[in-house]
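S.K.: Numbering (our numbering) for the sequence shown: 150 to 512.
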Amino acid sequence: MTVQQLRMDLHQMPEVGFCEFETKQYILSVLKKLDCKIFEIGTGTVAFFDFEQEKTVGIRADIDGLPIVEDTGLAFASKRYGFMHACGHDSHTAMALTVAIYVDECKKQGKIFGKNVAFIFQPAEECDDGAASIVRSGVLQKLNLDHIFALHVWPELEKGKIYSKPGVMLAQVCDIDIILHGNKSHIADYYKGIDTMRAACEILLKLYEFEEECNKTEQCLLKFGKLESGNLRNITSDKTIISGSIRALSKEMEAKLQNEISAVVKKVAEKYNLKFEVRIQNGFPVVENDEKLFNKVAEKCDINLLDEPVLHAEDFSFFANVCPYVYFFLGIGDGMKLHHEKFDFDMNVLDIGVEFWKQLLEI
Numbered sequence: 150m151t152v153q154q155l156r157m158d159l160h161q162m163p164e165v166g167f168c169e170f171e172t173k174q175y176i177l178s179v180l181k182k183l184d185c186k187i188f189e190i191g192t193g194t195v196a197f198f199d200f201e202q203e204k205t206v207g208i209r210a211d212i213d214g215l216p217i218v219e220d221t222g223l224a225f226a227s228k229r230y231g232f233m234h235a236c237g238h239d240s241h242t243a244m245a246l247t248v249a250i251y252v253d254e255c256k257k258q259g260k261i262f263g264k265n266v267a268f269i270f271q272p273a274e275e276c277d278d279g280a281a282s283i284v285r286s287g288v289l290q291k292l293n294l295d296h297i298f299a300l301h302v303w304p305e306l307e308k309g310k311i312y313s314k315p316g317v318m319l320a321q322v323c324d325i326d327i328i329l330h331g332n333k334s335h336i337a338d339y340y341k342g343i344d345t346m347r348a349a350c351e352i353l354l355k356l357y358e359f360e361e362e363c364n365k366t367e368q369c370l371l372k373f374g375k376l377e378s379g380n381l382r383n384i385t386s387d388k389t390i391i392s393g394s395i396r397a398l399s400k401e402m403e404a405k406l407q408n409e410i411s412a413v414v415k416k417v418a419e420k421y422n423l424k425f426e427v428r429i430q431n432g433f434p435v436v437e438n439d440e441k442l443f444n445k446v447a448e449k450c451d452i453n454l455l456d457e458p459v460l461h462a463e464d465f466s467f468f469a470n471v472c473p474y475v476y477f478f479l480g481i482g483d484g485m486k487l488h489h490e491k492f493d494f495d496m497n498v499l500d501i502g503v504e505f506w507k508q509l510l511e512i
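#1: Suppose you measure from the CA of residue 210 to the CA of residue 391; what does that come to, to the nearest Å?
#2: For the segment 305-316 against the segment 211-226, are there 3 or more C-beta pairs whose distance is under 8 Å?
#3: Is the separation between the beta-carbon of residue 195 and that of residue 188 shorter than 8 Å?
#4: Counting pairs of Cβ atoms below 8 Å between the segment 412-421 and the segment 365-378, do you hit three or more?
#5: Would you decide whether residue 313 is buried or exposed? Buried here means 16 or more other CB atoms lie within 10 Å of its CB.
#6: Would you kindly work out how many angstroms separate the C-alpha atoms of residue 484 and residue 303, rounded to a whole number?
#7: Which residues share a DSSP beta bridge with residue 233?
#8: Looking only at its own chain, which residues have a Cβ that is under 8 Å from the Cβ of residue 570, when we skip the five neighbours before and after it?
#9: Of the choices 434, 473, 157, whose alpha-carbon is the least far from that of residue 444?
#10: Apply the 10 Å Cβ neighbour rule to residue 285 and answer buried if 16 or more other Cβ atoms are within range, or exposed otherwise.
#11: Report the rounded CA-to-CA distance for residue 264 versus residue 298, giving the unit in angstroms.
#12: Starting from the N-terminal side, write out each stretch of the alpha helix (DSSP H) that is 4 residues or longer and does not extend beyond the segment 375-448.
#13: Using C-beta distances below 7 Å, list every residue in its chain close to residue 403, excluding the 5 sequence neighbours before and after it, in chain order.
#14: Does residue 485 come out as helix, strand or coil in the three-state DSSP assignment?
#15: Which one of 342, 262, 242, 430 has the shortest CA to CA distance from residue 199?
#16: CB-CB under 6 Å to residue 342, same chain, minus the five flanking residues each way: which ones, in chain order?
#17: I'd like to check one pair, residue 510 with residue 475: are the Cβ atoms closer than 8 Å?
#18: Would you tell me roughly how many angstroms separate the C-alpha atoms of residue 425 and residue 407, rounded to the nearest one?
#19: Using a Cβ-Cβ cut-off of 8 Å (strictly less than) and excluding sequence neighbours within five positions of residue 175, which residues of its own chain qualify?
#20: Helix, strand or coil for residue 514 per DSSP?
#21: Compare the C-alpha of residue 470 against each of 450, 434, 491, 479 and name the closest.
#22: Can the beta-carbon of residue 243 be found less than 8 Å from the beta-carbon of residue 165?
#23: Considering residue 352, what are the terminal residues of the alpha helix (DSSP H) in which it resides?
#24: Taking the beta strand (DSSP E) that residue 336 falls in, what are its first and last residues?
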């Protein structure tokens with residue numbers, strides 16, 4: 150079975166984090182035909198190929214989909230309405246399974262790799278706990294991982310090229326919820342109430358201005374994508390919730406943005422005499438590629454250097470608790486962005502990803 154066929158099969162069964170039941174069974178249906186030891190970790194799976202070596206190299210593929218209604222018109226489009234593989238995880242899984250089949254063939258032919266090989270099919274990358282759940286299981290520690298790699302298909306990068314960089318590559322992230330409590334009133338009696346929507350607008354403008362200033366010295370994001378407030382056009386809102394996200398490349402910048410949020414909200418709340426809550430939920434740390442391991446890969450593989458880190462986030466960073474790692478992009482050219490309902494790409498690039506994985510097994 151080709152990597153393209155595997156991807157088409159997986160594309161039709163998207164499931165969100167920790168609900169990848171059918172996906173897991175599909176993965177197991179492939180792995181159980183191979184000479185590997187299988188560890189099941191919730192909806193995740195680790196396949197271990199033992200070459201009787203001291204150390205093990207890990208290949209990680211995320212397996213979850215997104216709660217998005219697909220609109221690609223593909224013959225192999227999602228069969229689960231409201232869910233879609235819009236971030237390429239079906240492709241990552243297909244490439245990893247293809248390389249697992251290759252490793253099995255090598256083992257049967259007597260080829261010995263310098264390290265054992267572990268394939269990590271990780272659930273819930275789009276959530277907060279997928280990679281961490283694999284790490285907590287202790288399986289990777291028992292397999293004595295020396296290092297681990299991950300590869301993500303990426304729009305806007307030249308099709309068929311591999312990209313990465315030493316050091317920080319992806320941002321750390323935290324989620325922000327600002328809750329404002331006031332008093333509603335009819336707009337004809339506006340000043341008898343406390344208008345939380347107006348206060349929210351002032352907070353947003355001040356925070357966006359601050360973020361623009363911060364970006365002059367260091368790349369970062371402080372953006373809000375959701376505002377809930379009121380339900381009648383002629384009644385002021387007594388409760389407003391603003392939800393957004395911070396992306397930063399250093400703990401210092403993240404702390405700076407968090408502190409400014411608290412300061413601005415407090416100042417505006419005092420101005421309008423309203424009550425407030427600021428809830429900050431830390432998410433993924435930065436993805437920081439091990440420089441020594443990166444240089445080792447770059448000596449043997451054709452890696453295109455990224456000019457700067459990317460303000461997307463990834464839970465792959467949690468694997469740093471086990472061993473060094475390097476994260477890569479596989480360019481898929483121009484097209485729809487990740488998480489778009491029309492996301493798709495030329496599947497021929499997956500053959501390049503598979504060959505790249507094979508090269509990494511020799512490092």
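C-beta: ideal position from N, C-alpha, C; glycine also.
M.R.: Inspection of the coordinates gives the following:
#1: Roughly 33 Å between the two C-alpha positions.
#2: No: the two stretches stay apart, fewer than three of their Cβ pairs being nearer than 8 Å.
#3: Taking the C-beta atoms as reference points, residue 188 is found nearer than 8 Å to residue 195.
#4: Touching, no.
#5: Buried, by the Cβ-count rule.
#6: In this structure, the straight-line span from the alpha carbon of residue 484 to that of residue 303 is close to 10 Å.
#7: Looking at the DSSP assignment, residue 233 forms a beta bridge with 215.
#8: With the chain covering 150 to 512 only, the question about residue 570 has no answer from this structure.
#9: The candidate whose alpha carbon is nearest that of residue 444 is 473.
#10: Residue 285 should be labelled exposed.
#11: C-alpha separation (whole angstroms): 14 Å.
#12: Fully enclosed alpha helix (DSSP H) runs of no fewer than 4 residues occupy 400-421 of the segment 375-448, in order along the chain.
#13: Apart from the 5 residues on each side of it in sequence, residue 403 sits with its Cβ closer than 7 Å to the Cβ of 321, 323, 395, 397 in its chain, given in chain order.
#14: If DSSP states are grouped into helix, strand and coil, residue 485 belongs with coil.
#15: Nearest Cα to residue 199 within the set 342, 262, 242, 430: 262.
#16: Closer than 6 Å at Cβ, skipping near neighbours: 332, 333, 334, 385.
#17: The answer is no: Cβ separation not under 8 Å.
#18: One C-alpha to the other measures close to 15 Å.
#19: In its chain, beyond the 5 residues on either side, 158, 159, 162 have a beta carbon closer than 8 Å to the beta carbon of residue 175.
#20: This structure does not reach residue 514, given that the chain is present from 150 up to 512, and the question cannot be answered.
#21: Restricting attention to 450, 434, 491, 479, the CA atom closest to the CA of residue 470 is found in 434.
#22: Going by beta carbons, residue 243 and residue 165 fall outside the 8 Å limit.
#23: Where residue 352 is concerned, the enclosing alpha helix (DSSP H) stretches over 345-363.
#24: No beta strand (DSSP E) holds residue 336; DSSP gives it neither H nor E.
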